[in-house]
Every structure is written in C-alpha cells, then in structure tokens.
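Residue numbers (full-length UniProt numbering): 1 to 274.
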C-alpha cells in the first residue's frame, strides 16, 4: 500500500514538473536585427521591443513588417529613429498599446505618429516602477540607461526638428510561466546594473555590443558580470559600419572576465523557444 501511494506521489510530481517545463518552453523570442525583438508569451500574446523591422540588416524587413498583423504591446526604450522604427505603422494596424516613459510616450504621440488613444496611464511608467499587464501574465520594470533620447517626425513630414524624448532606458520583462528578459536599450555599462538581480533574477540579457554609440563587447561583458544573466544575446551590432562590435569579441571578453552566462548569438529572423 505504501509503495503504491509513493508511486502515485512521484507520478503526480513528475506530471507537475513536466507541465511546468512545457508551459515555459512556449515562450518564443524572435530577432529582427538591430535592437528589434518579438516575444510571444505562453498564452499567445505578442510583445514587440524597439521594432525597427525594416532595418538595413534585415533583408526580409518589408515582408516581416507586412506579416505582423497582431501585437498587444509595443515597448520603446528611447526616441531615436532606429529604435522607434516602425512602431506607429504597426500600432495603427494592430491596436497595440505603447509602453514607454511618460515623456517619451507624449513625444511619440505628439510628433512621432503613434495613435494617442493607444497610449494610456496603464502602460506608461518611469524608472524604478513596474507595470502588470496582459491580465497579469507580464510584468515590465523600467530600467535606466546611459544614452540620449530625441524624437523626430516620421519621414515625409514637414517637421524636421528634434523633440525631447525624455530619458533613455531599458526594460526587464518578467513572463508568468516563462523567463525574465532584460533588454538593455542603448547604454553604456553602469554600476547600478548590479542592483537589477537583487530585485529580479535575469534569465536572458539582450545586450547592445556595437560600440561607437553604445557599449562595445568589453563593456558589455562587464555589464553581464554585474547583471548575472543565465544567457546573454548580443544585439545592436553590424547594422552600420560604425557598429564594429562582434559576438566573437564578446565571447572573448566574457571568458576574460570569468562570466559564466551562456552566450547565444541569434540569426536575423530566427525564433528560439525559451
């Protein structure tokens, strides 16, 4: 009798464990090149981050953009055009809500063409704050960045001025039944990155490594040492000639600093399950 009961308990525990892993594996991450990513949650919700889908590194950019017919949230780290990208166009087609700081959200709706009715108090925040969205499936924390931020009107507009886009930042996206993903935005390494894992374990770090406008491989490796992610995925490199940082250089820098995070280099257009 005791043996049967033990077997039943072990079977129930195994079933629960397998179910947990099955749910977690349903989180998908797609890279479109540069800093543009798509996250598909276990329930099928779609989150886009810095969606410059038609960036020069993405040879299938126009087709990829045309195929995006569903988006629930669009996250924009700062106002530069290579991160705002195709946000307004996608938002008009999908009804996606805008997730940014208040200053950037106001600038994007006033000057950047983003629909005003899709920017609300519920999806706007600021550094140190955290939003609970998509019926509790997703939490998004606002993380500072060392960079700049300005907004320009869409191409073809008569407005050629630069408009204040508030302070630049990044996002820590925590998915129920899935991983926690830190998108650094454009930034240099800064000491307070060490505080991030004190509040949230970081499973995946999407780290800019291009140099020139952001941290390069050496400084990105130092950032990974502070954040301690389970995996680091390089981004924001090779789009333009001046972005000279490479994943190989990052690999060497990680080894030099004894960083144990797994390096995973994605191909443009690739989707991985997390």
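Don't be surprised by glycine CBs; every beta carbon is placed ideally from N, CA and C.
All figures in this text were calculated on a predicted structure; none of them were measured in a lab.
Any idea which residues DSSP pairs residue i with across the strands?
i: residue 175; result: 138
i: residue 148; result: Answer is none; residue 148 lacks a bridge partner.
i: residue 124; result: 100
i: residue 130; result: 141
Are residue i and residue j close, meaning C-beta to C-beta below 8 Å?
i: residue 173; j: residue 138; result: yes
i: residue 187; j: residue 147; result: yes
i: residue 57; j: residue 170; result: no
i: residue 88; j: residue 166; result: no
i: residue 196; j: residue 234; result: no
i: residue 53; j: residue 47; result: no
i: residue 31; j: residue 268; result: yes
i: residue 77; j: residue 145; result: yes
i: residue 205; j: residue 229; result: yes
i: residue 273; j: residue 27; result: yes
i: residue 176; j: residue 136; result: yes
i: residue 79; j: residue 150; result: yes
For residue i, count neighbouring C-beta atoms within 10 Å of its own C-beta (all shown protein chains included) and say buried if the count is 16 or more, exposed if not.
i: residue 258; result: exposed
i: residue 185; result: buried
i: residue 218; result: buried
i: residue 262; result: exposed
i: residue 216; result: buried
i: residue 241; result: exposed
i: residue 9; result: Residue confidence is low: residue 9 scores 47 on pLDDT, short of 50, so the model does not pin down where it sits. Its coordinate-derived value is still stated next. Classification for residue 9: exposed.
i: residue 37; result: buried
i: residue 130; result: exposed
i: residue 255; result: exposed
Residue range of the alpha helix (DSSP H) that residue i falls in?
i: residue 183; result: Looking at the DSSP string, residue 183 is not in any alpha helix (DSSP H); the run it does join, the beta strand (DSSP E), is 180 to 183.
i: residue 109; result: 102 to 110
i: residue 250; result: 247 to 256
i: residue 94; result: 87 to 94
Name the two residues that bound the continuous beta strand (DSSP E) containing residue i.
i: residue 29; result: 28 to 31
i: residue 207; result: 204 to 208
i: residue 162; result: Taken as a continuous stretch (DSSP letters only), residue 162 belongs to no beta strand (DSSP E), as it is neither H nor E.
i: residue 234; result: 231 to 235
i: residue 38; result: 37 to 40
CB of residue i to nearest heavy atom of the ligand GTP: below 7 Å?
i: residue 171; result: This structure simply doesn't include the ligand GTP, nor any ligand for that matter.
Indicate whether at least one CB of chain B lies closer than 8 Å to the CB of residue i.
i: residue 73; result: Annotation note: the requested chain B is absent from the structure, which comprises a single protein chain.
Review point. Does the region 81 to 95 come close enough to the region 120 to 132 to have 3 or more Cβ pairs within less than 8 Å?
Key: The region 81 to 95 vs the region 120 to 132: no contact.
Review point. Okay, do the region 156 to 166 and the region 58 to 72 touch, 3+ Cβ pairs below 8 Å being the bar?
Key: no
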